[in-house]
Amino acid sequence: MSALRLSGTAIAVALACVHACAAAQDDAALALADAAPDAPVAAARPWKLNVEGGAERSERWDGSSATRYRYALDGEVNYRLAPELRAVVGARIERTAETLTAEYRTRPNLKEAYLSWQPGAAQVVDAGRINQRFGVATGFNPTDFFKSGSVVTSSPDPVSRRTNRLGSVMVQGQQLWDSGSVSLLLSPRLAARREPGDPEADDALSKTNSINRWLLTGSQQIGATLRPQWLIYREQGHSPQFGLNLNTLLGQSAIVYGEWAGGRAPSLYALANNREQDRRFRSRSAVGLTYTWPLDITTTFEWQTNGAGVAKGEDLTLGARNPLAWGNTLAWSYNLQEPVTRQAFFTYVSARNALVQGLDLAGFVQADRGNGGRQAWLEFRKRYDSFSLSLQWQRQRGEPWTRFGALPERSDVRLLVDLYY
Amino acid sequence: MFRKFALIACSLGLAAMAHAAADPKALLVASDAIRNPTKSFVLTATLIEYRAGKQTDTNTLAIYSKPDPAGGQYRTLVRFVAPARETGKLMLKNGNDLWFYDPSNQASIRISPEQRLLGQASNGDVATINLARDYRAQLTGEEDVTDGDRQTRHAHKLALVATTPEGVNYRRIDLWLDTRDARPVKAKFYSDSDRLLKTAYYRRYRNELGVERPTETVIIDGLDPSWVTVMRFDAYAWRDIPETWLQRDYLSRFHPE
Numbered sequence: 096m097s098a099l100r101l102s103g104t105a106i107a108v109a110l111a112c113v114h115a116c117a118a119a120q121d122d123a124a125l126a127l128a129d130a131a132p133d134a135p136v137a138a139a140r141p142w143k144l145n146v147e148g149g150a151e152r153s154e155r156w157d158g159s160s161a162t163r164y165r166y167a168l169d170g171e172v173n174y175r176l177a178p179e180l181r182a183v184v185g186a187r188i189e190r191t192a193e194t195l196t197a198e199y200r201t202r203p204n205l206k207e208a209y210l211s212w213q214p215g216a217a218q219v220v221d222a223g224r225i226n227q228r229f230g231v232a233t234g235f236n237p238t239d240f241f242k243s244g245s246v247v248t249s250s251p252d253p254v255s256r257r258t259n260r261l262g263s264v265m266v267q268g269q270q271l272w273d274s275g276s277v278s279l280l281l282s283p284r285l286a287a288r289r290e291p292g293d294p295e296a297d298d299a300l301s302k303t304n305s306i307n308r309w310l311l312t313g314s315q316q317i318g319a320t321l322r323p324q325w326l327i328y329r330e331q332g333h334s335p336q337f338g339l340n341l342n343t344l345l346g347q348s349a350i351v352y353g354e355w356a357g358g359r360a361p362s363l364y365a366l367a368n369n370r371e372q373d374r375r376f377r378s379r380s381a382v383g384l385t386y387t388w389p390l391d392i393t394t395t396f397e398w399q400t401n402g403a404g405v406a407k408g409e410d411l412t413l414g415a416r417n418p419l420a421w422g423n424t425l426a427w428s429y430n431l432q433e434p435v436t437r438q439a440f441f442t443y444v445s446a447r448n449a450l451v452q453g454l455d456l457a458g459f460v461q462a463d464r465g466n467g468g469r470q471a472w473l474e475f476r477k478r479y480d481s482f483s484l485s486l487q488w489q490r491q492r493g494e495p496w497t498r499f500g501a502l503p504e505r506s507d508v509r510l511l512v513d514l515y516y
Numbered sequence: 090m091f092r093k094f095a096l097i098a099c100s101l102g103l104a105a106m107a108h109a110a111a112d113p114k115a116l117l118v119a120s121d122a123i124r125n126p127t128k129s130f131v132l133t134a135t136l137i138e139y140r141a142g143k144q145t146d147t148n149t150l151a152i153y154s155k156p157d158p159a160g161g162q163y164r165t166l167v168r169f170v171a172p173a174r175e176t177g178k179l180m181l182k183n184g185n186d187l188w189f190y191d192p193s194n195q196a197s198i199r200i201s202p203e204q205r206l207l208g209q210a211s212n213g214d215v216a217t218i219n220l221a222r223d224y225r226a227q228l229t230g231e232e233d234v235t236d237g238d239r240q241t242r243h244a245h246k247l248a249l250v251a252t253t254p255e256g257v258n259y260r261r262i263d264l265w266l267d268t269r270d271a272r273p274v275k276a277k278f279y280s281d282s283d284r285l286l287k288t289a290y291y292r293r294y295r296n297e298l299g300v301e302r303p304t305e306t307v308i309i310d311g312l313d314p315s316w317v318t319v320m321r322f323d324a325y326a327w328r329d330i331p332e333t334w335l336q337r338d339y340l341s342r343f344h345p346e
């Protein structure tokens, strides 16, 4: 009996200790809040500027290596000229050199420059060089019709490739309503005619406006978490391409998505080598699942298909039969940002505050099915308020006739610093 | 004069609701009305994060909220103001329909409620939430608790259980409301496995948009009590928010002026 009474007393004492400990911890937290400074409220400003600098060391397939130094200014202005009129300009100037003291090569890129007129809350008209991006997938966006040939970065990171690219000159109008919108854009030919994605396009207009094209898009909210987007896209002289973007939430942690585009089109091999005889209906798609785990870790698994790509073994055959034509095909696939094989798999991992506060981790593996071609990329980024430091590593694997094996470098390491203003 | 009268009447009304037979649902509705203005509004939130006593992160957000007349919940648009690397990013929250917009690549990406854009604060913590809509309240008693200013408050203790667990961040919440006026004093938030996720203290009461509201929430992590986030709310203002702002396709068009 006395033993029971003793253990009851011990439990009461233990509970009191736990309670006192929790109260002390709460008190310490509140003391921190008492001492927290009153930060001045920052006002929104119409410009943004990033300064990027760094070095990269790449290793070629023969074992030789090369170093490159780089710095870049990346700025954006979004300025209200009048109550209904805005001017938007985004530009990047990048300078690279083989050694610190060598002569730097300068590459200026006007990513965007347009006027946006918004006569009401629901209508917008834009005119100028505009970056239009579409697609819900992560690694491959078949409905991102304006991606072809527009990327101006060598980074394989899908986020960087979506960010660092040229807009196309166009006029577009958008009508919004409470649960959706419809938009039409017209992009004229302003340079010698060539197919979008042509690796031989050298100036900005040749890369973005070498053909007349239009795009009609519409989206509508259906239910609580479903919002499909439909697209119809056409290039002059080619069949219309249709597109669909769809994603939805599963539970509290998962998002499932699907992106599809289809229409009559030539194969990648025929497009790259001006052989028009194999036009037929072809589909491109990306289907994936993004899942958020505890500790801010997010993983994405994506299955990619390209009806214009080559079947298993066909790349080896074509490469052996006509190496030049197959080399063209690989260059086009890189510029079009499309898998060269019919099927591919992509997985992406990101983690915020991995291991230490402010350290973010991101990485992906892109695997082409059927030929063993692989690309892996990993980034550690330490965030500070006004700058970040990042270490990036990239590695390719594959035979020379695969799209990754055909890249000049086998691996690459970059150390970058980004300053934010 | 009229404003002062209205304020007194409003305070008396809230106090009367708090005392009226201590109906837990009415108490929860009254405390929601203290935390959240009942019309469309905008405010600025500053989040200061501490780990082991050291400040590790600071974010400033502009938060636009609009009550949804159909569902009774708020729809919230969050604009990242500072630090510079985050400036211009947007988050749109309409229940579990969450979108994140990054102006650098103009991508509107759907995110899950579990994906965090800030440190310890969940997306739901920075959004305006009417607890009475998503939780069933039960009055479990009255007790003296220490508030955020280390004063002893006599409080109703409400046990809240999510009516639709898949639609909320926390399966259950313990909420302490001042018995005098239903002011939220403190809350404890629990996971699906009934683990304490965080403790929140509501403090720095100040008159904002006609009601005495808590303008600071101190969030203490349930697993690591040295992980603390201070959320400060400022620059409250009534703001008409067009419906078109609160849909994904408008995110790339949003400008704060």
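If you're matching them up, the sequences are chains Y and A in order. Residue 96 is where the first sequence starts when you use this note's numbering, and the numbers rise one by one after that. Residue 90 is where the second sequence starts when you use this note's numbering, and the numbers rise one by one after that. The beta carbon of each residue, even a glycine, is placed where N, CA and C say it ideally should be. A quick note: this is a predicted structure, and the numbers were derived from the prediction, not measured.
Return the first residue and the last residue of the beta strand (DSSP E) that residue i is part of.
i: V288 (chain A); result: Inspection of the sequence shows that residue 288 (chain A) is occupied by Thr rather than by Val. Run containing T288 (chain A): 285–297, per the beta strand (DSSP E) assignment.
i: K128 (chain A); result: Looking at the DSSP string, K128 (chain A) is not in any beta strand (DSSP E), and its letter there is neither H nor E.
i: E232 (chain A); result: 224–235
i: R239 (chain A); result: Where R239 (chain A) is concerned, there is no enclosing beta strand (DSSP E), given that its DSSP letter is neither H nor E.
i: A381 (chain Y); result: 375–388
i: A356 (chain Y); result: 349–360
i: P261 (chain Y); result: Note that residue 261 (chain Y) is Leu in the sequence shown here, rather than Pro. Unbroken run through L261 (chain Y): none, as it is neither H nor E.
i: S483 (chain Y); result: 482–492
i: F441 (chain Y); result: 438–446
i: W334 (chain A); result: Neither: W334 (chain A) is in no beta strand (DSSP E) and is coded neither H nor E.
i: Y48 (chain A); result: The shown model of chain A, from 90 to 346, leaves out residue 48 (chain A), and the question about it has no answer.
i: A223 (chain Y); result: The sequence given here has Gly at residue 223 (chain Y), not Ala. G223 (chain Y) -> beta strand (DSSP E) spans 218–225.
i: W496 (chain Y); result: Per DSSP, W496 (chain Y) belongs to no beta strand (DSSP E) and is neither H nor E.
i: K407 (chain Y); result: That residue, K407 (chain Y), is in no beta strand (DSSP E); it is neither H nor E in DSSP.
If you draw a straight line from the alpha carbon of residue i to that of residue j, how long is it in whole angstroms?
i: S485 (chain Y); j: L116 (chain A); result: 50 Å
i: D157 (chain Y); j: L187 (chain A); result: 48 Å
i: S380 (chain Y); j: R492 (chain Y); result: 24 Å
i: R165 (chain Y); j: D513 (chain Y); result: 12 Å
i: T217 (chain A); j: N183 (chain A); result: 10 Å
i: V231 (chain Y); j: Y209 (chain Y); result: 25 Å
i: P434 (chain Y); j: R328 (chain A); result: 48 Å
i: R370 (chain Y); j: Q331 (chain Y); result: 17 Å
i: G292 (chain Y); j: N368 (chain Y); result: 13 Å
i: L144 (chain Y); j: Q213 (chain Y); result: 25 Å
i: N430 (chain Y); j: W334 (chain A); result: 36 Å
i: Y325 (chain A); j: L132 (chain A); result: 4 Å
i: V172 (chain Y); j: T176 (chain A); result: 13 Å
i: T135 (chain A); j: G262 (chain Y); result: 35 Å
i: A196 (chain A); j: N148 (chain A); result: 21 Å
i: T258 (chain Y); j: D233 (chain A); result: 55 Å
i: L168 (chain Y); j: P178 (chain Y); result: 30 Å
i: A244 (chain A); j: D112 (chain A); result: 14 Å
i: F229 (chain Y); j: S314 (chain Y); result: 12 Å
i: N307 (chain Y); j: L281 (chain Y); result: 8 Å
Which whole-angstrom value describes the C-beta separation of residue i and residue j, a residue pair presumed to lie in contact below a C-beta threshold of 8 Å?
i: P323 (chain Y); j: L341 (chain Y); result: 5 Å
i: I123 (chain A); j: V300 (chain A); result: 6 Å
i: E193 (chain Y); j: R163 (chain Y); result: 6 Å
i: L266 (chain A); j: S120 (chain A); result: 5 Å
Name the DSSP beta bridge partners of residue i, please?
i: Y174 (chain Y); result: Y:A182
i: E504 (chain Y); result: Y:R155
In the DSSP assignment, the alpha helix (DSSP H) including residue i goes from what residue to what residue?
i: W427 (chain Y); result: 418–431
i: A365 (chain Y); result: 363–367
i: V257 (chain A); result: It is not in any alpha helix (DSSP H) - V257 (chain A) carries neither H nor E in the DSSP assignment.
i: P253 (chain Y); result: 253–258
i: R232 (chain Y); result: A small correction: the amino acid at residue 232 (chain Y) is Ala; Arg does not occupy that position in the sequence shown. Careful: A232 (chain Y) lies outside any alpha helix (DSSP H) and carries neither H nor E.
i: T302 (chain Y); result: The sequence shown places Lys at residue 302 (chain Y), rather than the Thr named in the question. Looking at the DSSP string, the run of the alpha helix (DSSP H) that includes K302 (chain Y) is 299–303.
For residue i, which residues from the same chain have a beta carbon less than 6 Å from its beta carbon, with the 5 sequence-adjacent residues on both sides left out?
i: I200 (chain A); result: L187, F189
i: Y443 (chain Y); result: T233, T395, F459
i: T57 (chain Y); result: Shown here, chain Y extends from 96 to 516; a query on residue 57 (chain Y) therefore has no answer.
i: L205 (chain Y); result: A186
i: L326 (chain Y); result: T238, T312, G338
i: F278 (chain A); result: Y259, I262, L286, K287
Go through its chain and collect everything with a Cβ distance to residue i's Cβ below 7 Å, but skip five positions before and after it.
i: I309 (chain A); result: K287, T288, V317
i: F241 (chain Y); result: Q227, S263
i: A104 (chain A); result: Residue placement at A104 (chain A) is flagged as unreliable, the pLDDT there being 49, under the threshold of 50; the coordinate-derived value follows with that caveat. Contacts found: R269, D270.
Report all residues from its chain with a CB closer than 8 Å to the CB of residue i; omit the five preceding and five following residues, and keep chain order.
i: S255 (chain Y); result: T248
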